[in-house]
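**Q**
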Amino acid sequence: MFILACSKETVVTPAATTNTGTTTTPSTPTVSATGFKLTSTAIANGVLLDAFKCEKKVNGIENSIPLAWENAPAKATSFAITMIHYPNSSDSTKYSSYLLLWGIDKAVNKILYAEANKGTWFMGVNKDGNNISYTSPCSAGVGTHQYILTIYALSETPASLPTKSSTAVTYDVLTKAMSTVTVLDKAKLIFNSVSP
Numbered sequence: 175m176f177i178l179a180c181s182k183e184t185v186v187t188p189a190a191t192t193n194t195g196t197t198t199t200p201s202t203p204t205v206s207a208t209g210f211k212l213t214s215t216a217i218a219n220g221v222l223l224d225a226f227k228c229e230k231k232v233n234g235i236e237n238s239i240p241l242a243w244e245n246a247p248a249k250a251t252s253f254a255i256t257m258i259h260y261p262n263s264s265d266s267t268k269y270s271s272y273l274l275l276w277g278i279d280k281a282v283n284k285i286l287y288a289e290a291n292k293g294t295w296f297m298g299v300n301k302d303g304n305n306i307s308y309t310s311p312c313s314a315g316v317g318t319h320q321y322i323l324t325i326y327a328l329s330e331t332p333a334s335l336p337t338k339s340s341t342a343v344t345y346d347v348l349t350k351a352m353s354t355v356t357v358l359d360k361a362k363l364i365f366n367s368v369s370p
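In my numbering, the protein residues as written are 175 to 370.
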C-alpha cells in the first residue's frame, strides 16, 4: 500500500482539443482540488491520436508519447510514471505495462515525444518483457481499449530501485518499491485507443 501524504488524487480526462493542420492544441484539462495534473498532446477528447499508435520499433525501441505535468507538491524530490492497460476490464489483477519510469528529477515537468528513453531518469521493461522501452498502444482487437497513465510525486526515489534502466524493473517491482517511500500525490491521465 502506498503511503499517501495527500488524500486527494487527480484524475484528468482530456478536454476538447482543436486541430489545425497537423498541430493539435489541447484545451485546459479538468483540474482537481490539489491542482496536480498530467497531460499529453497525443490525446484528444480522451482518445489517443492515430499518429501515436503502433509506433515502429527501431533497435527494439518505440517512440513514446509526449507528457507534461504541473502543480506538483513542493516537497516532491522525484517522480515516477507508469502506464498500464487491463486486457479484461473486469479483472484488475491482470494487466499489461506500457511505460515504467523512475528517478525523474523534481525540476523536470515534461517529457517530449520520443524522449522517454533519453532522459537522466531510468526506464523499466516494455510490455513484451524483452527490452527497455516504451510500448505504444497497438491493440489487435476491434473496439475501445483503455489505458491509464499515472505520475507519482515522491518524497524520494526508492532506494531499492536500480540507478540505471533495467528489464528487471516491472510494474510490480516499481509499485512495490514506491510503497517504501511517501507518495505525496499522484495524477492520472486515462485515455482510450480505438481500433476500427
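C-beta: ideal position from N, C-alpha, C; glycine also.
Treat the numbers as computed from the prediction; the structure is a model and nothing was measured.
Specify, as a first and last residue, the run of the alpha helix (DSSP H) that Thr349 falls within.
**A** In the sequence shown, counting from the first residue as 1, residue 349 sits at position 175. Here the alpha helix (DSSP H) through Thr349 covers Tyr345 to Met352.
**Q** For a minimum of 3 consecutive residues, which ranges assigned as the beta strand (DSSP E) are wholly contained in the segment 303 to 345?
**A** 317 to 328
**Q** In angstroms, rounded to a whole number, what distance separates the CA positions of Gly220 and Ser252?
**A** Numbered from its first residue, the sequence shown carries residue 220 at position 46. Numbered from its first residue, the sequence shown carries residue 252 at position 78. If you take the alpha carbons of Gly220 and Ser252, they lie about 27 angstroms apart.
**Q** Using three-state DSSP, classify Asp265 as helix, strand or coil.
**A** As a working note, residue 265 is residue 91 in the sequence shown. Asp265 falls in the coil class under three-state DSSP.
**Q** Flag this pair as touching only if the segment 355 to 366 and the segment 323 to 331 have three or more C-beta atom pairs under 8 angstroms; answer yes or no.
**A** yes
**Q** Quick one: grab the DSSP three-state call for Asn193.
**A** Translated into positions along the sequence shown, residue 193 becomes position 19. With a pLDDT of 34 at Asn193, under the threshold of 50, the modelled position of this residue cannot be trusted, and the question is left open.
**Q** Between the segment 347 to 358 and the segment 308 to 321, are three or more C-beta pairs nearer than 8 angstroms?
**A** By the Cβ test, the segment 347 to 358 is not in contact with the segment 308 to 321, since fewer than three Cβ pairs between them sit closer than 8 angstroms.
**Q** Return yes when the Cβ of Asn245 is within less than 8 angstroms of the Cβ of Gly209, no when it is not.
**A** Taking the sequence shown and counting its residues from 1, one reaches residue 209 at position 35. Taking the sequence shown and counting its residues from 1, one reaches residue 245 at position 71. It is a contact, given that the beta carbons lie within the stated cut-off.
**Q** Where does Ser201 land, buried or exposed, given buried means 16+ other C-beta within 10 angstroms?
**A** Walking along the sequence shown from the start, residue 201 turns up at place 27. Its pLDDT being 35, under 50, Ser201 is placed unreliably in this model, and the coordinates cannot settle the point.
**Q** In the structure shown, what three-state DSSP assignment does Ala246 receive?
**A** As a first step, residue 246 is located in the sequence shown; it is residue number 72 there, counting from the start. The answer is coil: DSSP assigns Ala246 none of H, G, I, E or B.
**Q** Using only alpha-carbon positions, find the residue among Gln320, Lys350, Val232 and Thr349 that is nearest to Ser263.
**A** By one-based count along the sequence shown, residue 263 stands at place 89. Considering only alpha carbons, the answer is Gln320.
**Q** For Leu273, tell me which candidate among Asp265, Ile258 and Pro240 has the shortest Cα-Cα distance.
**A** Numbered from 1 along the sequence shown, position 99 holds the residue referred to as residue 273. Considering only alpha carbons, the answer is Ile258.
**Q** Give me the Cα-Cα distance between Ser340 and Thr318, rounded to the nearest whole angstrom.
**A** Here residue 340 refers to the residue found at position 166 when the sequence shown is read from its first residue. Here residue 318 refers to the residue found at position 144 when the sequence shown is read from its first residue. Ser340 and Thr318 have their C-alpha atoms roughly 31 angstroms apart.
**Q** So what does DSSP say about Ala225, is it helix, strand or coil?
**A** Along the sequence shown, one-based indexing puts residue 225 at 51. Reduced to three states, the DSSP call for Ala225 is helix.
**Q** Under DSSP, the beta strand (DSSP E) around Thr391 begins and ends at which residues?
**A** Lying outside 175 to 370, the shown extent of the chain, residue 391 is not represented and no answer is given.
**Q** CA-CA distance, Thr256 and Gly293?
**A** Here residue 256 refers to the residue found at position 82 of the sequence shown. Here residue 293 refers to the residue found at position 119 of the sequence shown. Note on geometry: alpha-carbon atoms of Thr256 and Gly293 lie some 16 angstroms from one another.
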